[in-house]
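Shown next, in structure tokens, is the structure this report addresses.
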Amino acid sequence: MTSAQLLDCVQAFAGELLRLADEDDRVCIVNNDSADTHLANDFQRGFPARFVDVGIAEQNMAGVAAGLANAGKVPFVHSAACFLARATEQIKNAAYAGANVKFCGFVSGLAYGALGGTHHATEDIAWMRSIPGLPVLCPATPAETAAAARLAWRHEGPVYLRIISKTPVPELFDAGHEISFGTSTQLREGGDVTLIGTGLATTRLVEAAVLLEREGIRAGVLHLHSVSPIDEAAIMRAARETGRLVVAEDHVLNGGLGGAVSETVVRTVPVPVLQLGITNTFAPIGPAAFLHEHFRLTGPLLARDVRDWLDGHEQRRA
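This is the structure we're talking about:
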């Protein structure tokens, strides 16, 4: 993993949305005074009549988007993920009505870093996946982020896209990579344990798996871009094949991907599950890289925690 290989998911999303807008004049953006943050300026210049800025008024933003959807448009709501929490009621109502709105949560997880707990978006997966009829997508790389934009555009109904921001990531997929709801990607095979991730955590788990392999631990990596609906068949297969699952996410442990995976295995193939992520606490103040270290969400620290857990599990089995 070199700096030359690290790419930006927001750039990929912005470029894909421009291509979709060229193809489909229904595509529009509803924004909350944050075009710079989400790289929507080119869209605003290219399609000024299809760019709506409601100001710092997230509830109104969601309502305006639902109205545009009812008028036949395909609105992509642009907001920092943390501020979409202000519009929970309106997002729920949009899902209830089946409104064709694409809610895009930028600067997700701990990406806002030193701006602190008011700006961290570490609970959004939990409450978004609890809303009926609202698919939740957490792409891991630029190519997959573009694929998520295309999938949301094709889907007739609301979608939540959790977009990695401010943290360049390595590309794991080819250009033109496509995804669908309720599916997953097996990135690495391994018989000792399966590492399961979504979004930013997936690339960190791939790095962890490489490090574990050097220690003789064969770790598979399962990437769940679709958190809701979730690929239960893939989770069950991993549980049967390796007997031990580790879930990592840049999200609180309550109600996120780890909860979704645990809900599946407890009903189907009960196996030990280790959840790694943000404990039930607010993050300290500091850059995102510092916070990822603090919550042990880097490749080396994830590898260490997985190894220690496996060692303890083997001792208990002995």
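When we follow full-length UniProt numbering, the leftmost residue of the sequence shown carries the number 1, and every step to the right adds one.
No residue lacks a Cβ here, since even glycine has one placed at the ideal position from N, Cα and C.
What does the Cβ neighbour count give for residue i, buried or exposed, with the cut at 16 atoms within 10 Å?
i: residue 242; result: buried
i: residue 45; result: exposed
i: residue 142; result: buried
i: residue 180; result: exposed
i: residue 112; result: buried
i: residue 289; result: exposed
i: residue 194; result: buried
i: residue 266; result: exposed
i: residue 156; result: exposed
i: residue 70; result: exposed
i: residue 234; result: buried
i: residue 63; result: buried
i: residue 66; result: buried
i: residue 256; result: buried
i: residue 214; result: exposed
i: residue 10; result: buried
i: residue 222; result: buried
i: residue 238; result: buried
i: residue 264; result: buried
i: residue 175; result: exposed
i: residue 190; result: buried
i: residue 114; result: exposed
i: residue 49; result: exposed
i: residue 117; result: exposed
i: residue 277; result: buried
Under 8 Å between the Cβ atoms of residue i and residue j?
i: residue 108; j: residue 162; result: yes
i: residue 129; j: residue 227; result: yes
i: residue 249; j: residue 203; result: no
i: residue 76; j: residue 104; result: yes
i: residue 211; j: residue 184; result: no
i: residue 14; j: residue 42; result: yes
i: residue 220; j: residue 188; result: yes
i: residue 131; j: residue 164; result: no
i: residue 320; j: residue 271; result: With the chain covering 1 to 318 only, the question about residue 320 has no answer from this structure.
i: residue 268; j: residue 236; result: yes
i: residue 8; j: residue 168; result: yes
i: residue 58; j: residue 87; result: yes
i: residue 217; j: residue 154; result: no
Starting from the C-beta of residue i, find all residues in its chain whose C-beta is less than 6 Å away, skip the five residues before and the five after it, and write them out in chain order.
i: residue 258; result: 247 and 275
i: residue 133; result: 95
i: residue 230; result: 260
i: residue 19; result: none
i: residue 262; result: 273
i: residue 385; result: Given that the chain is displayed from residue 1 to residue 318, the structure contains no residue 385 and the question cannot be resolved.
i: residue 309; result: 274
Contact check, residue i vs residue j under 8 Å by CB: the rounded distance?
i: residue 208; j: residue 149; result: Going by Cβ atoms, the distance from residue 208 to residue 149 rounds to 28 Å, so no, they are not a contact pair.
i: residue 121; j: residue 252; result: 10 Å between Cβ atoms; not a contact.
i: residue 159; j: residue 135; result: 5 Å
i: residue 110; j: residue 291; result: 4 Å
i: residue 51; j: residue 31; result: 7 Å
Could you pull out every residue in the same chain whose Cβ sits closer than 7 Å to the Cβ of residue i, ignoring the five residues on either side in sequence?
i: residue 33; result: 53, 55 and 56
i: residue 73; result: 26 and 28
i: residue 81; result: 105, 106, 107, 108, 121, 124 and 162
i: residue 201; result: 248, 249, 250 and 297
i: residue 173; result: 141, 143 and 144
Looking only at its own chain, which residues have a Cβ that is under 8 Å from the Cβ of residue i, when we skip the five neighbours before and after it?
i: residue 178; result: 147, 150 and 151
i: residue 294; result: 283, 284 and 286
i: residue 16; result: 145, 146, 149 and 150
i: residue 24; result: 74 and 153
i: residue 182; result: 226, 229, 230 and 231
Starting from residue i and walking both ways along the beta strand (DSSP E), at which residues does that stretch end?
i: residue 73; result: It is not in any beta strand (DSSP E) - residue 73 carries neither H nor E in the DSSP assignment.
i: residue 28; result: 27–31
i: residue 50; result: Note, residue 50: premise wrong, no beta strand (DSSP E); not H, not E.
i: residue 249; result: 245–252
i: residue 209; result: Per DSSP, residue 209 belongs to no beta strand (DSSP E); it is in the alpha helix (DSSP H), 200–214.
i: residue 104; result: 102–106
i: residue 219; result: 219–223
i: residue 228; result: 226–228
i: residue 176; result: Neither: residue 176 is in no beta strand (DSSP E) and is coded neither H nor E.
What are the boundary residues of the alpha helix (DSSP H) that residue i is part of?
i: residue 92; result: 88–97
i: residue 12; result: 9–23
i: residue 145; result: 142–154
i: residue 296; result: Element bounds for residue 296: n/a, residue is neither H nor E.
The ligand ATP heavy atoms versus the CB of residue i: any closer than 7 Å?
i: residue 229; result: The ligand ATP is not among the ligands present in this structure, which contains no ligands whatsoever.
Give a yes or no on whether 8 Å exceeds the smallest Cβ distance from residue i to chain D.
i: residue 154; result: Absence of chain D from the displayed structure is noted, only one protein chain being present.
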